[in-house]
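Please read the structure below before turning to the comments.
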Amino acid sequence: MKLENRVALVTGSGQGIGRTIALALAAEGAHVAVNDVNVKGVEETADLVRQSGGKAIAAPFDITNLDAVKTMANKIEGELGRIDVLVNNAALLISHEMFLDTNPEDCDKEIKVILFGTMNCARAVLPGMIKRRFGKVISIVTDAARVGQERQCNYSAAKGGVISFTKSIAKEVGRHNINVNAVSPGATNSPMRMEMLRQLKENIGEAKAAEREEKVKRAYALRRIGEPDDIANAVVFLASEAARQITGQILSVNGGFAMLG
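Note that the sequence shown covers residues 3 to 263 in the working numbering.
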């Protein structure tokens, strides 16, 4: 197993991509702290990890609250011994409107979860990693933040901040044997995307929504939309020692949507 007895904290893992990441890490031998504000989802993911033979604890805290993050990080370290791997997956996409049709309050909420939440978790977890001279920090970002995407201005701005933070903090903590990277998906069949498609069908009808979906697929070299497993596999790789010489990098897992040098 690539991650036997490693301890991983996965934010936003009460469902979707985060849950898939938690299960993939556990399948490689990691013990998993499952985080989300959705308490029911947290318990369900933790149970799934245990049913698969892994070890998991529920960690339902709000990552926008630094004190809560620090308290829970201490609890995780107390129960599991340490945190070796931090996966910043939690995200929030409130509106799929053009920027001028969104409101500042929603923008503020998205930035707090995506950018400040990532920074709060790093602030709480990195001191222990530095002390032990080992750690892997992996954030889930988006290619929309790298090449631009209409109707995702707030979301992309927040994820773009995470990309910049990833590169900068990698420079600071690399000397302590800590790798910091990000996985950048294109469109992925997550619950968030399924809800967006449902709303689209309601707004423009089944036929037009299907036509738009085919148009989206044609923007990808592989002509398909990604699955949560595609993201989870990349996270497992970056969390493993196979990626020990990789840091400060953004790994696109996007089916050829954007090909960045």
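Virtual Cβ for every residue (Gly too), placed ideally from N, Cα, C.
Grab the span of the beta strand (DSSP E) containing residue i for me, first residue to last.
i      : result
Lys138 : 137-142
Ile59  : 58-61
Thr180 : Residue identity differs from the one stated: residue 180 is Ile in this sequence, not Thr. It spans 180-187 - the beta strand (DSSP E) in which Ile180 sits, taken as one unbroken run.
Leu11  : 9-12
Val89  : 87-90
Ile171 : Per DSSP, Ile171 belongs to no beta strand (DSSP E); it is in the alpha helix (DSSP H), 155-175.
Ile252 : 252-255
Since residue i is in the alpha helix (DSSP H), which residue starts that stretch and which ends it?
i      : result
Asn40  : Counting along the chain, Asn40 falls outside any alpha helix (DSSP H), and DSSP gives it neither H nor E.
Leu74  : Correcting the residue identity first, residue 74 is Met in this sequence and not Leu. Element bounds for Met74: 68-82.
Gln201 : 193-206
Gly130 : 119-134
Leu240 : 230-241
Arg148 : 146-149
Ile116 : Run containing Ile116: none; DSSP gives neither H nor E here.
Ala28  : 18-29
Excluding five sequence neighbours on each side, which residues of the same chain lie with their C-beta closer than 8 Å to the C-beta of residue i?
i      : result
Asp108 : Ile96, Ser97, Asn156
Ala61  : Leu11, Ala35, Val36, Asn37, Val44, Met74, Lys77, Ile78
Val127 : Leu11, Ala75, Ile85, Leu88, Gly137, Val139
Asn40  : Gly16, Gln17, Pro62
Ile132 : Val175, His178, Ile180
Val51  : Ala24, Leu25, Ala28, Val34, Val36, Lys57, Ala58
Ser158 : Thr144, Ala146, Ala147, Gly150, Gln151
Gln201 : His98
Lys42  : Gly16
Thr66  : Lys114, Val115, Phe118, Gly119, Asn122
Met194 : Gly18, Ala93, Leu95
CB-CB under 6 Å to residue i, same chain, minus the five flanking residues each way: which ones, in chain order?
i     : result
Ala70 : Phe63, Asp64
Lys57 : His33
Ala48 : Val36, Ala58, Ala60
Skipping 5 residues on each side, what residues in its chain have a beta carbon closer than 7 Å to that of residue i?
i      : result
Ala160 : Glu112, Ile113, Ile116, Leu117
Lys219 : Arg225, Arg226, Ile227
Ile163 : Here residue 163 turns out to be Gly, not Ile, going by the sequence shown. Closer than 7 Å at Cβ, skipping near neighbours: Leu117.
Leu262 : Arg148, Ser254
Going by C-alpha distance, which of the options is nearest residue i?
i      : options                        : result
Ile227 : Gly18, Ser192, Ala24, Val51    : Ser192
Thr190 : Glu215, Lys169, Gly176, Arg177 : Glu215
Gly258 : Pro187, Ala234, Arg195         : Pro187
Gln151 : Lys57, Ile59, Leu262, Met100   : Met100
Gly80  : Val175, Ile59, Ala92, Thr66    : Ile59
Asn235 : Asn256, Tyr222, Gln247         : Asn256
Glu197 : Gly18, Lys4, Glu6, Leu5        : Gly18
Phe167 : Ala223, Asn183, Gly20, Gly130  : Asn183
Ile180 : Ala245, Leu202, Glu213, Gln154 : Ala245
Gly176 : Gln53, Gln251, Gln154          : Gln251
Thr104 : Thr22, Thr66, Arg153           : Arg153
Thr249 : Ile233, Glu229, Ser170, Asp232 : Ser170
Tyr222 : Asn67, Asp110, Glu204, Ala260  : Ala260
Leu27  : Gly162, Lys42, Glu6            : Glu6
Arg134 : His178, Gly162, Ala146, Val149 : His178
Ile233 : Lys203, Ile23, Lys4, Arg200    : Ile23
Gly55  : Lys42, Leu102, Ala29, Lys72    : Ala29
Glu229 : Gly14, Lys4, Arg21, Met3       : Arg21
Met3   : Gly31, Val149, Leu50           : Gly31
Ala172 : Gln247, Leu202, Leu94          : Gln247
Glu72  : Ala212, Pro106, Leu94, Gly119  : First, the amino acid is wrong: residue 72 is Lys here, not Glu. It is Gly119.
Compute every distance between the C-beta of residue i and the non-hydrogen atoms of the ligand HEM, then say whether any falls below 7 Å.
i      : result
Phe167 : As far as ligands go, the structure on display features none, and thus does not contain the ligand HEM.
Exercise for the section: Indicate whether the contact test is met: 3 or more Cβ pairs, each with one atom in the segment 80-99 and one in the segment 120-129, closer than 8 Å. Expected result: yes
Handout entry: Cβ pair count under 8 Å reaching 3, the segment 203-212 against the segment 138-146
Key = no
Practice task
Inspect the CB distances between the segment 236-249 and the segment 3-20 and report whether three or more fall short of 8 Å.
Solution key: Proximity of the segment 236-249 to the segment 3-20 meets the contact definition, three or more beta-carbon pairs being nearer than 8 Å.
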